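In the UniProt record's numbering, the protein residues as written are 1 to 73.
Glycine is no exception: its CB is placed at the ideal position from the N, C-alpha and C atoms.
Bear in mind the structure is a predicted one, so any value in this text is a computation, not a measurement.
First comes the structure, then the notes that go with it.
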């Protein structure tokens, strides 16, 4: 029985590593936009470097995430 549990843990770890690698590949392959896709204002360089692949300024990203969660401003 412990062999089955060890094998299951091994498979779960492999799946986790594959998912992380896949997410990393998606993130590093994307380039940040220079301007926010919602308001058109420039996205600060610090944000573009920190959040690779960002498409919104901080304010618009906050509003977007709140809407996704069902909040209204």
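Neighbourhood of residue i by C-beta, 8 Å cutoff - its chain only, sequence neighbours within 5 removed
{"i": "residue 35", "result": "41, 42 and 43"}
Same chain only: Cβ atoms within 7 Å of residue i, ignoring 5 sequence neighbours per side
{"i": "residue 56", "result": "36, 37, 38 and 64"}
{"i": "residue 5", "result": "none"}
8 Å Cβ cutoff met for residue i and residue j
{"i": "residue 54", "j": "residue 32", "result": "yes"}
Per the contact definition of three or more C-beta pairs closer than 8 Å, is the segment 12 to 25 in contact with the segment 42 to 53? No, because fewer than three Cβ pairs between the segment 42 to 53 and the segment 12 to 25 fall closer than 8 Å, the two stretches do not touch.
Scan the UniProt domain "Zinc finger DksA/TraR C4-type" (36 to 66) and note each continuous alpha helix (DSSP H) run of 4 residues or more that stays entirely inside, going in chain order. Runs of the alpha helix (DSSP H) inside the UniProt domain "Zinc finger DksA/TraR C4-type" (36 to 66): 45 to 50.
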